[in-house]
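To start, the structure under review is shown below, and the notes come after it.
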Ligand SMILES: [Zn+2]
């Protein structure tokens, strides 16, 4: 067993979701941290921003340690090590005592069994996740969708163009043939055509799969919005 049983403390800042994360240390937090840190040495403060974590669907937290009271840190430096000449930016992001603590880089560890159980219990089966997320309205999705449809349109146009040019060159070639090679070449062309047709069908298969995926995504997204509208707005109206 390790000698160090306690390694720090954590608390949350459940403030409204804004431009910045609310993972920072307040003046009181730094005092509390210092009290323990001076006593134990290795003592870490973790601050969780629960509302931002929910909104962004990922864990938003910060790990911090306080500077010793005697230490004079560089001017205009935030806990993340970045400098900003505008101190109001620093206080907005890191609080009034931005120069009294510093940030540690967090990494996450999770065993495969724990991960599996967590996935089973939350991501796949928690209906709140489905109701609280609107994937099709996420900025990333909204900017990517037109690009995906453009790529798809380009894919289908390129294929029909290349098919047309292949056909033309085959016709030109056929006209210049001598009759004695005709049957021999007919056999060659039938093999060639069957291969090119197969490849065209394969490519069209991929186009079909991509368009089907986009259509299904939009269907699920929009029907989800309709359900939410009925569930939430209807109950609001009846009150
Ligand atoms: Zn706090």
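In the working numbering, the protein residues as written are 3 to 241.
Cβ coordinates follow ideal geometry from the N, Cα and C atoms, glycine included.
CA nearest to the CA of residue i, picked from the options
| i | options | result |
| --- | --- | --- |
| residue 50 | 22, 37, 68, 15 | 15 |
| residue 150 | 213, 138, 89, 208 | 213 |
| residue 133 | 38, 83, 223, 74 | 223 |
| residue 225 | 137, 155, 209, 208 | 137 |
| residue 124 | 105, 56, 158, 80 | 56 |
| residue 26 | 104, 129, 231 | 104 |
| residue 52 | 83, 157, 63 | 63 |
| residue 108 | 43, 66, 39 | 66 |
| residue 31 | 74, 12, 21, 106 | 12 |
Run of the alpha helix (DSSP H) containing residue i, from where it starts to where it stops
| i | result |
| --- | --- |
| residue 115 | 114 to 120 |
| residue 92 | 89 to 96 |
Rounded straight-line distance, which links the Cα of residue j to that of residue i
| i | j | result |
| --- | --- | --- |
| residue 140 | residue 23 | 19 Å |
| residue 78 | residue 98 | 12 Å |
| residue 182 | residue 215 | Note on residue 182: pLDDT 48, under 50, position unreliable in the model; the coordinate value appears next. One C-alpha to the other measures close to 50 Å. |
| residue 234 | residue 47 | 39 Å |
| residue 146 | residue 70 | 48 Å |
| residue 111 | residue 160 | 47 Å |
| residue 94 | residue 152 | 41 Å |
| residue 148 | residue 59 | 24 Å |
| residue 36 | residue 115 | 37 Å |
| residue 17 | residue 54 | 8 Å |
| residue 76 | residue 42 | 26 Å |
| residue 74 | residue 33 | 16 Å |
Three-state class that DSSP yields for residue i in the structure shown
| i | result |
| --- | --- |
| residue 64 | strand |
| residue 85 | strand |
| residue 137 | helix |
| residue 221 | helix |
Range covered by the beta strand (DSSP E) that runs through residue i
| i | result |
| --- | --- |
| residue 106 | 103 to 106 |
Minimum length 3: unbroken beta strand (DSSP E) runs contained in the stretch 3 to 59:
Taken in chain order, the complete beta strand (DSSP E) segments of 3 or more residues contained in the stretch 3 to 59 are 10 to 14, 46 to 50.
Can you tell me which residues fall inside 7 Å of ligand 3, judged by beta-carbon distance to its nearest heavy atom, and keep chain order?
What this structure holds is ligand 1, not ligand 3.
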